[in-house]
Amino acid sequence: MLSPRVSQKIAFILLFLATLFIVIPVGLVIVVIIQKGAGAISWEFLTQMPRQGMRAGGIFPAIVGTFYLVLGAILFALPLGLFAAIYLSEYSKDTFINRMIRLAIINLAGVPSVVFGLFGLALFVGFFRFGASILSGSLTLGVMILPVIITSSREALDSVPKSFREVSLSLGATKLQTIKHAVLPHALPGILTGTILGVGRAAGETAPILFTVAAFYLPRLPESAFDQVMALPYHLYVISTQVPNVDPKIRYGTALVLLAIVLLMNLVAIMIRSHFRSQKKW
Amino acid sequence: MIQRLKEWIFENAIRASGLASIFIVALIFIFLLKEGLLLFKTEPLTDFLLGKNWYPISEPPQFGILPLILGSLLVTLGAAVISIPLGVAAAIYIAEVASPKLKEILKSGIELLAAIPSVVLGFIGMVTVVPWIKNTFHIPTGLTALSGSVVLAFMAMPTIISIAEDALHSVPKIYKEGAYALGATHWQTIYRVSVPAASSGIVAAIMLGIGRVIGETMAVMMVTGNAAALPRGILYPVRTLTATVAAEMGETVQGSDHYFALFAIGIVLFLITFAINMTADLVLHRKRK
Numbered sequence: 045m046l047s048p049r050v051s052q053k054i055a056f057i058l059l060f061l062a063t064l065f066i067v068i069p070v071g072l073v074i075v076v077i078i079q080k081g082a083g084a085i086s087w088e089f090l091t092q093m094p095r096q097g098m099r100a101g102g103i104f105p106a107i108v109g110t111f112y113l114v115l116g117a118i119l120f121a122l123p124l125g126l127f128a129a130i131y132l133s134e135y136s137k138d139t140f141i142n143r144m145i146r147l148a149i150i151n152l153a154g155v156p157s158v159v160f161g162l163f164g165l166a167l168f169v170g171f172f173r174f175g176a177s178i179l180s181g182s183l184t185l186g187v188m189i190l191p192v193i194i195t196s197s198r199e200a201l202d203s204v205p206k207s208f209r210e211v212s213l214s215l216g217a218t219k220l221q222t223i224k225h226a227v228l229p230h231a232l233p234g235i236l237t238g239t240i241l242g243v244g245r246a247a248g249e250t251a252p253i254l255f256t257v258a259a260f261y262l263p264r265l266p267e268s269a270f271d272q273v274m275a276l277p278y279h280l281y282v283i284s285t286q287v288p289n290v291d292p293k294i295r296y297g298t299a300l301v302l303l304a305i306v307l308l309m310n311l312v313a314i315m316i317r318s319h320f321r322s323q324k325k326w
Numbered sequence: 009m010i011q012r013l014k015e016w017i018f019e020n021a022i023r024a025s026g027l028a029s030i031f032i033v034a035l036i037f038i039f040l041l042k043e044g045l046l047l048f049k050t051e052p053l054t055d056f057l058l059g060k061n062w063y064p065i066s067e068p069p070q071f072g073i074l075p076l077i078l079g080s081l082l083v084t085l086g087a088a089v090i091s092i093p094l095g096v097a098a099a100i101y102i103a104e105v106a107s108p109k110l111k112e113i114l115k116s117g118i119e120l121l122a123a124i125p126s127v128v129l130g131f132i133g134m135v136t137v138v139p140w141i142k143n144t145f146h147i148p149t150g151l152t153a154l155s156g157s158v159v160l161a162f163m164a165m166p167t168i169i170s171i172a173e174d175a176l177h178s179v180p181k182i183y184k185e186g187a188y189a190l191g192a193t194h195w196q197t198i199y200r201v202s203v204p205a206a207s208s209g210i211v212a213a214i215m216l217g218i219g220r221v222i223g224e225t226m227a228v229m230m231v232t233g234n235a236a237a238l239p240r241g242i243l244y245p246v247r248t249l250t251a252t253v254a255a256e257m258g259e260t261v262q263g264s265d266h267y268f269a270l271f272a273i274g275i276v277l278f279l280i281t282f283a284i285n286m287t288a289d290l291v292l293h294r295k296r297k
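Laid out in C-alpha cells, this is it:
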C-alpha cells in the first residue's frame, strides 16, 4: 500500500504526462509545417495562378476564393446570429421555446460537416438553382457557423449587467433603444470574438464546400457570386491526394498558409477576449 | 410614427431570427429526407442498412452500407480508446493541478488544436502517422483504420477536454473544502470528490467528442485508405460513412439511385449525431437539477 503522498505524486505525474502527450505532438506538427512550408512561401506563391496542373505556380485563386466564401458566410450569419442572440437574451421569456431553440443550436453545432454539404447541395444548388457557386458555398458555410456566432453573442449579451438596461429604460428609452445604446456596445468584444472564431472555422472547412462551390482547378478569378472558385482547404486536399507528383514543398506551403490564417484568427480572438476581460469594470 | 414602425420591424426581425435555428434544423432534415427517401422506392431499407456490399456503380448496383457503418464504428472505437483516457486526464490536470498561469497556456493550446482545420490534420496524418504505422507494423499500406483513429483522437480531445474541464471547474468549492478538512490529500479529493461530482459533465464531454469523430470527414478520408469492404481489422483500410458521401457525391448523376443513396447515408449520419447530442444534453441537464 502506497502512502497517500506517494500515490498523489505518481497520479499527478501521470496526469501531466497525459497532457504533454497531447500538447507536444500538436506543437511539433505546427513547427514542422512552418519549417517545411516556409521555404515555399514567396510573393509569387501567394499572388500567382497555379500552373502545370497545380504542380507549379502559386495559390492565388484559392486564397481569393476562400476570402469571398468567408465574407459571404459572415454577411449571412452575423446579422442572423446576432439577432437570434438578442432574441434569446433580451426578448424570449417562454422557457419552452427557449429550450427548443437551445436544442436546435446544439444540434446544428453537431451536424457533421459533410451533411451540411448535402444540405447545401439539395437546397441552394438544387432547389434555389444557385448552382455550384460562391453564393451556395457561402450560404452553406454561413449556416454551419451560425451556432458559433449565436452562442458567443448570447454569452456576451448575457454578461452585460441588468442594471444597465434598467437605467436606460427608466430614462424613457424604448426597449430597442436600450438594446442599441446600453447593451450592444458593452457586448461588442464578445460578439467580435465569436465572429472571428466563425471566420476561422469557415475558412478551414472543406466538406461543406465540396459539392456547393469548390472547383478542382480553375486558374482565374471569379467574376460574380454565381461563379465557382477554388478554395484553400479543398486545394490542399486536391494536391495532397488527387494529383500525383506534386512537390511536397507546395503541399506544405499551402498547409502553412491555411493554418496561418486559421490560427491567426484564433489568436486574435483570444487576445481580444483576454484584453477586454482585464478591462471590464463590472 | 416612423420610429414606431422601425421598432416594429426590428422587433419582428429579431423574433424571426430567434426561431431561425429551429427552422434551419428542420430544413436540413426535410431536405435530406426529400432526396434520401427516394432510394427506398427501389431498395428495401433492410438491404440498405444490412447489405454487405457497397457497389454503387456496378450493374445492378448494390447499396449495402454495413461495411461503411462498421468502418465508421471501428475508426470511432479506436479514437475513443485513445482520446477518452488522455482527454479526461488532461482535463483533470488542467482543472485541478496546473498553476493558474500554466492553465491559461494549456487552455489556449487546446483551443488552437480545436481550430486546426480537418484537412490540415488529414495532411499531417498522411505525412506522419501513415508512414509511421506502415513501418511499425510492416504492412503494405499505412492507410488503415488505426491511422484514422489516431488522427481523429486529436480531433475529439479538444471537445472532451474543454467540456470536462468546465464540468470539473463548476464543482462547488465547499465539496473540496469538506474533503480537505477531513484530511484528504489533493489527489484523494480529486478522485473521490471532484471527479464523481463532475461525472455527468465528463460523460457528456465524452459523448460530444465521439459525436465529433463520427461526423468527421476530410481527415478520415485522407488517411483510412477508403476500401468499401467489410473491415477485417484495425490494420486494414476501411471506408467510413462520411468519407463515402464526400468521395462519391462529385461523381454521381443528380437523380440517380446512387445520388439518393448518398443522401440516405446523410440521413443516417444526421440521426446518429442528433441522438448523441440530445442524449449528451439530457445528461448535462440532469446534473443542473
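Respectively, the protein sequence lines represent chains A and B. Sequence positions in the first sequence follow the numbering used here and run 45 to 326. Sequence positions in the second sequence follow the numbering used here and run 9 to 297. Each residue gets a CB set at the ideal place from its N, CA and C atoms; glycine is no exception.
Practice task
Would you check if the region 158 to 178 of chain A and the region 98 to 107 of chain A touch, i.e. whether three or more CB-CB distances between them fall below 8 Å?
Solution key: These segments do not touch.
Practice task
Let me know the secondary structure DSSP gives Gly-258 (chain B) once reduced to three states.
Solution key: In the structure shown, Gly-258 (chain B) falls within a helical segment according to DSSP collapsed to helix, strand and coil.
Problem - Beta carbon proximity, Asp-289 (chain B) to chain A, threshold 9 Å - result: Yes, because at least one Cβ of chain A sits closer than 9 Å to the Cβ of Asp-289 (chain B).
Exercise for the section: Would you mind working out which of B:Leu-238, B:Ile-171, B:Ala-34 sits nearest Ala-122 (chain B), comparing C-alpha positions? Expected result: Nearest of B:Leu-238, B:Ile-171, B:Ala-34 to Ala-122 (chain B), Cα basis: B:Ile-171.
Practice task
Give the single residue among B:Leu-53, B:Ser-155, B:Met-257 whose Cα lies nearest to the Cα of Leu-85 (chain B).
Solution key: The alpha carbon of Leu-85 (chain B) has as its nearest neighbour, out of B:Leu-53, B:Ser-155, B:Met-257, the alpha carbon of B:Ser-155.
Practice task
Please decide whether Lys-297 (chain B) counts as near chain A, where near means a Cβ-Cβ distance under 9 Å.
Solution key: Any reading at Lys-297 (chain B) must be qualified, since the residue scores a pLDDT of 45, below 50, and its modelled position is unreliable; no value is offered.
Handout entry: Assumed close pair Met-215 (chain B), Ile-66 (chain A) - CB separation to whole angstroms, cut-off 8 Å
Key = Not quite, the Cβ-Cβ distance comes to about 19 Å (not below 8 Å), so this is no contact.
Problem - Where Asn-151 (chain A) meets chain B, residues with beta-carbon distance less than 7 Å - result: The contacting residues are Val-33, Phe-282, Asn-285.
Exercise for the section: Would you mind telling me which residues of chain B sit closer than 8 Å to Leu-254 (chain A), beta carbon to beta carbon, in chain order? Expected result: Within chain B, the residues Ala-254, Met-257, Gly-258 have their CB atoms less than 8 Å from the CB of Leu-254 (chain A), given in chain order.
Exercise for the section: Would you decide whether Ile-17 (chain B) is buried or exposed? Buried here means 16 or more other CB atoms lie within 10 Å of its CB. Expected result: A residue is called buried once 16 or more other Cβ atoms fall within 10 Å of its Cβ, and Ile-17 (chain B), having fewer, is exposed.
Practice task
Find the residues of chain D that neighbour Trp-195 (chain B), judging by a C-beta separation of less than 8 Å, and give them in chain order.
Solution key: Considering every chain present, this structure includes no chain D. Its protein chains are A and B.
Exercise for the section: Tell whether a beta-carbon distance below 9 Å holds between Ile-305 (chain A) and Gly-248 (chain A). Expected result: Between Ile-305 (chain A) and Gly-248 (chain A), the CB-CB gap stays under 9 Å.
Problem - Ala-200 (chain A) to Pro-156 (chain A) span [Cα, whole Å] - result: For Ala-200 (chain A) and Pro-156 (chain A), the distance between alpha carbons rounds to 27 Å.
Problem - Exposure of Ser-197 (chain A), with buried meaning 16 or more beta-carbon neighbours within 10 Å - result: Using a 10 angstroms sphere on the CB of Ser-197 (chain A), the tally of other CB atoms reaches 16 or more, which defines it as buried.
Problem - Proximal residues, the region 67 to 79 of chain B versus chain A, C-beta separation under 9 Å - result: Listed in sequence order: no entries.
Problem - Continuous beta strand (DSSP E) assignments of at least 3 residues falling wholly in the region 238 to 279 of chain A - result: Those beta strand (DSSP E) runs which fall completely within the region 238 to 279 of chain A and span 3+ residues do not exist here.
Exercise for the section: State the CB to CB distance for the pair Ile-178 (chain A) and Leu-113 (chain A), rounded to an integer number of angstroms; the pair is presumed to be in contact (CB under 8 Å). Expected result: Ile-178 (chain A) to Leu-113 (chain A), Cβ: 6 Å. Contact.
Handout entry: Per-residue burial, His-146 (chain B) [other beta carbons within 10 Å of its own, 16 or more giving buried]
Key = Per the 10 Å Cβ criterion, exposed.
Practice task
For Lys-297 (chain B), collect the residues of the same chain with a Cβ closer than 8 Å to its Cβ; drop the 5 residues on either side in sequence, then sort them by chain order.
Solution key: For Lys-297 (chain B), the predicted model reports a pLDDT of 45, less than 50, meaning its position is unreliable; a value from the coordinates is still stated below. Counting only Cβ-Cβ distances below 8 Å, and skipping sequence neighbours, we find nothing.
Exercise for the section: Determine the chain B residues that contact Ala-128 (chain A) at a beta-carbon separation under 7 Å, and present them in chain order. Expected result: Ala-128 (chain A) reaches chain B at Ser-25, Gly-26, Ala-28, Ser-29, counting residues in chain order whose Cβ is nearer than 7 Å.
Problem - Leu-76 (chain B) beta carbon near the ligand SAM (any heavy atom closer than 8 Å) - result: The ligand SAM is absent from the structure shown, which contains no ligand whatsoever.
Problem - Opening and closing residue of the alpha helix (DSSP H) in which Asn-289 (chain A) lies - result: Judged by DSSP secondary structure, Asn-289 (chain A) falls outside any alpha helix (DSSP H); it is assigned neither H nor E.
Handout entry: Where Phe-172 (chain A) meets chain B, residues with beta-carbon distance less than 8 Å
Key = In chain order: nothing, as chain B lies at least about 11 Å away.
Exercise for the section: Have a look at the DSSP bridge pairing and note the partners of Tyr-63 (chain B). Expected result: Per DSSP, B:Gln-70.
Practice task
Could you check the C-alpha separation between Ser-66 (chain B) and Asn-289 (chain A) for me, to the nearest Å?
Solution key: Rounded to whole angstroms, Ser-66 (chain B) and Asn-289 (chain A) show a C-alpha spacing of 31 Å.
Handout entry: Check whether Gly-44 (chain B) and Phe-271 (chain B) have beta carbons under 9 Å apart
Key = Their beta carbons are under 9 Å apart, which means Gly-44 (chain B) touches Phe-271 (chain B) by this criterion.
Handout entry: Residues bridged to Arg-95 (chain A) [DSSP beta-bridge criterion]
Key = According to DSSP, which records beta bridges pairwise, Arg-95 (chain A) is partnered with A:Ala-100.
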